[in-house]
Each structure stands twice: as C-alpha cells, then as structure tokens.
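Q: Just passing along the structure, written as structure tokens.
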Amino acid sequence: LGSVARAVLVLNAQILFKGFRTVLGNSEKTWIIGSGNVALAKAGSGDALAGFIGSLMAQGHSTQDAAILGAYLHGRIADDWLRQGHSTRTLMASDLADRIDATLRGLKNRRT
C-alpha cells in the first residue's frame with residue numbers, strides 16, 4: 023500500500039499495481055482488489071488487463087471505475103478458471119479475452 027501511495031504522490035496519477043493482490047490508488051483513496059490468483063502470472067495477462075480497462079473507459083466509465091471493474095473482472099476470470107478445474111499453468115491471455123463476456127453476464131445475472 024505504501025508503494026501505491028508514494029507513486030500517487032510523485033506522479034499525481036491513478037496507479038494500479040499488479041501483484042498477488044491488485045492495489046489501485048489515487049489521491050483520495052486506495053482499493054485492494056480481492057479477485058485473482060497465480061494463474062495471471064503469464065505473458066500477456068497485463069496486456070489483457072489494460073485492454074479491459076481501456077475498453078471500459080471507451081464505453082464511458084471513469085478512469086477510476088474502469089480500473090476497479092477491469093481489475094476485478096481480470097481476477098474473477100482467473101478465479102473461475104480454477105473453480106472449473108483448470109490448472110494455474112494453462113490460463114492464457116486469450117482465455118481472459120474469450121471469457122469476459124460470460125463473466126460479465128454471470129455477474130449481471132447474480133444482481134438481478
């Protein structure tokens with residue numbers, strides 16, 4: 023958390039640190055995103071996350087909301103991957119992109 027706070031102060035920007043837990047911060051608040059696991063430690067995973075966030079911003083979400091939702095979805099897809107019996111070693115960046123629609127629909131259906 024301290025690293026995020028320092029980066030926010032130095033850069034005067036919203037910061038997303040990806041690690042065991044994703045930490046997102048800005049000048050007002052810090053969030054810890056609880057979804058995600060080691061299956062995301064792959065080449066291309068961060069690119070997929072950036073794409074999720076950029077897509078949400080292009081749809082009109084604020085930078086903050088897009089980062090929070092994008093990071094949550096990124097981790098949620100990996101969590102669902104393991105729940106479905108797949109190995110942490112087999113999740114690829116293309117799987118993240120392929121599963122975002124179903125994950126969003128599943129979350130929406132849980133709310134209604």
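Going by our numbering, the letters in the sequence shown line up with residues 23 to 134, in that order. From the three backbone atoms N, C-alpha and C, an ideal C-beta is built for every residue, glycine too. Note that the coordinates shown come from a computational prediction; the quantities given were computed from them, not determined experimentally.
Any idea what DSSP makes of Phe39, helix, strand or coil?
A: Taking the sequence shown and counting its residues from 1, one reaches residue 39 at position 17. Phe39: strand per DSSP, three-state reduction.
Q: If distances are taken between C-alpha atoms only, which option among Trp103, Leu113, Asp101, Leu95 comes closest to Leu126?
A: Your numbering for residue 126 matches position 104 in the sequence shown. Minimum Cα distance to Leu126 is reached at Leu95.
Q: Ala89 to Lys130, Cα distance in whole Å?
A: Numbered from its first residue, the sequence shown carries residue 89 at position 67. Numbered from its first residue, the sequence shown carries residue 130 at position 108. Cα to Cα, Ala89 sits roughly 18 Å from Lys130.
Q: Which first and last residues belong to the beta strand (DSSP E) in which Leu118 is found?
A: Looking up residue 118 in the sequence shown gives position 96. From DSSP, Leu118 is part of no beta strand (DSSP E) but of the alpha helix (DSSP H) over 115–133.
Q: Contact defined as beta carbons within less than 8 Å: I believe Gly58 pairs with Ile75. What is the distance between those atoms, to the nearest angstrom?
A: For the purposes of this step, residue 58 is taken as residue 36 along the sequence shown, with counting starting at 1. For the purposes of this step, residue 75 is taken as residue 53 along the sequence shown, with counting starting at 1. Contact doesn't hold; Cβ gap of about 14 Å is too wide.
Q: What residues in its chain sit with their C-beta under 6 Å from that of Thr110, if we drop five residues either side in the sequence?
A: Counting from one through the sequence shown, the residue named residue 110 turns up at place 88. So the list reads Val60, Ala61, once near-sequence residues are dropped.
Q: Can you tell me the Cα-Cα spacing of Arg43 and Ile54, whole angstroms?
A: Position 21 of the sequence shown, counted from the start, is the residue given in the question as residue 43. Position 32 of the sequence shown, counted from the start, is the residue given in the question as residue 54. If I take the Cα positions, the gap works out to 7 Å.
Q: Using three-state DSSP, classify Thr85 as helix, strand or coil.
A: Taking the first residue of the sequence shown as position 1, residue 85 is located at position 63. Helix.
Q: What is the rounded straight-line gap between the Cα of Lys220 and the Cα of Ala115?
A: In the structure as shown, the chain begins at 23 and stops at 134. Residue 220 is therefore absent and cannot be evaluated.
Q: Buried or exposed: which applies to Ala80, given that a residue is buried once 16 or more other Cβ atoms fall within 10 Å of its Cβ?
A: Within the sequence shown, residue 80 is the residue found at index 58, counting from 1. By the neighbour-count rule (16 or more Cβ atoms within 10 Å), Ala80 is not buried but exposed.
Q: Does the distance from the C-beta atom of Ala100 to that of Leu78 stay below 9 Å?
A: Locating residue 100 in the sequence shown gives position 78, where the first residue counts as 1. Locating residue 78 in the sequence shown gives position 56, where the first residue counts as 1. No.
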